[in-house]
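Trainee:
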Amino acid sequence: GSLDTALLTYNEAISLKPSDACAYTCKASTHYLKGNYDDAITEVSQAITLKPNSPYSYIIRGSCYLEKKIYDKAISDYTSAISKLNANNYFTLAAYTKRGMSYYYNKQYEPSIADFTKCIELSTKQKISGSSVYYDWRARCYVETGKYADAAQDFEYYLITEPTDLTATFYQGYSYYKNGESDKAKTVALKLIDLDPSKEISFKGDNLLDIYDLDKRRKIVKGLLDDANQSLKEHKETSSKALGKIKLDDA
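Residue numbering for the sequence shown follows this note's numbering, beginning at 32 and increasing consecutively.
1. So, helix, strand or coil for phenylalanine 186, using DSSP?
2. Near serine 289, what residues of its chain come up, given a Cβ to Cβ distance below 7 Å and the 5 sequence neighbours on each side ignored?
3. My guess is that tyrosine 87 and threonine 56 are in contact by the Cβ rule of under 8 Å, so how many angstroms apart are they, rounded?
4. Taking the Cβ atom as the reference point for each residue, do cysteine 172 and tyrosine 140 lie within a distance shorter than 9 Å?
5. Cβ of tyrosine 41 versus every heavy atom of the ligand SAM: is any distance shorter than 8 Å?
6. Find out if the Cβ-Cβ distance for the pair leucine 226, threonine 200 is shorter than 9 Å.
7. Do you know offhand how far phenylalanine 122's Cα is from serine 154's?
8. With H, G and I counted as helix, E and B as strand and the rest as coil, what does DSSP make of glutamine 139?
9. Could you spell out where the alpha helix (DSSP H) holding proline 86 opens and where it closes?
10. What's the C-alpha gap between serine 85 and valine 219?
11. If you reduce the DSSP assignment to three classes, tell me which class glycine 236 lands in.
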């Protein structure tokens with residue numbers, strides 16, 4: 032395809048000029064798009080050796096490490112990129128976003144909060160659409176650190192633009208619930224049921240707030256799975272008996 036053609040082009044460029052850092056970076060980017068993260072790391076590392084002050088190479092390598100779930104190395108590369116970028120550069124926002132995600136997945140929630148706060152600031156200045164997603168990410172961090180009032184506020188802002196996001200809606204209600212704001216938690220619970228009517232089977236009336244009790248939710252899901260497995264087993268046994276009768280009748 033076009034990506035394979037691009038790789039051939041960059042290989043030719045490198046053979047003609049082995050010191051061309053840009054060609055290595057472009058080749059690495061192509062490998063990244065193909066999902067060949069190890070090859071991308073090899074190529075972009077060569078680009079960094081040739082041109083160590085290029086922030087874009089660090090972003091590409093950091094993105095490869097993020098995909099490979101090697102979060103410490105991803106954080107290090109994004110930090111290097113940020114140090115070499117102008118604050119108003121679009122790639123600065125990308126680097127903070129990816130570093131914030133890396134911190135989150137690495138369970139380093141405080142620096143992740145700081146990065147997504149920076150993303151909100153930069154995206155507001157640059158008037159970038161879709162910036163509400165940073166409130167969603169920051170809210171997740173607030174939940175993990177027990178800052179439920181802050182989490183609920185950020186989810187509220189995010190849900191203005193993404194009102195049907197079930198996960199964000201649940202954690203907004205969960206944040207209200209954990210913060211002792213039962214009325215708001217109930218309102219969100221009813222919205223959850225409206226978005227997913229199947230939840231009404233288990234959570235209604237006096238049990239409405241149980242929707243936020245994660246242990247009870249797990250037990251309910253396990254019970255539903257057990258019931259489904261039992262029904263499947265009974266169906267198989269019935270089908271087997273019916274098939275046996277047909278064979279006997281045919282004999």
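From the three backbone atoms N, C-alpha and C, an ideal C-beta is built for every residue, glycine too.
Mentor: So, to answer that:
1. It is helical.
2. The displayed coordinates of the chain run from 32 to 282. Any statement about residue 289 would go beyond what the structure contains.
3. The beta-carbon distance between tyrosine 87 and threonine 56, rounded to whole angstroms, is 6 Å. This is short enough to meet the 8 Å contact definition.
4. One thing to note: cysteine 172 has its Cβ within 9 Å of the Cβ of tyrosine 140.
5. With respect to the ligand SAM, the structure offers nothing, as it holds no ligand at all.
6. Against a cut-off of 9 Å, the Cβ pair of threonine 200 and leucine 226 comes out as a contact.
7. Taken atom to atom, the span from the alpha-carbon of phenylalanine 122 to that of serine 154 is near 11 Å.
8. Note: glutamine 139 maps to coil in three-state DSSP.
9. From DSSP, the alpha helix (DSSP H) with proline 86 extends over 86-98.
10. Cα-Cα distance, rounded: 47 Å.
11. Glycine 236: helix per DSSP, three-state reduction.
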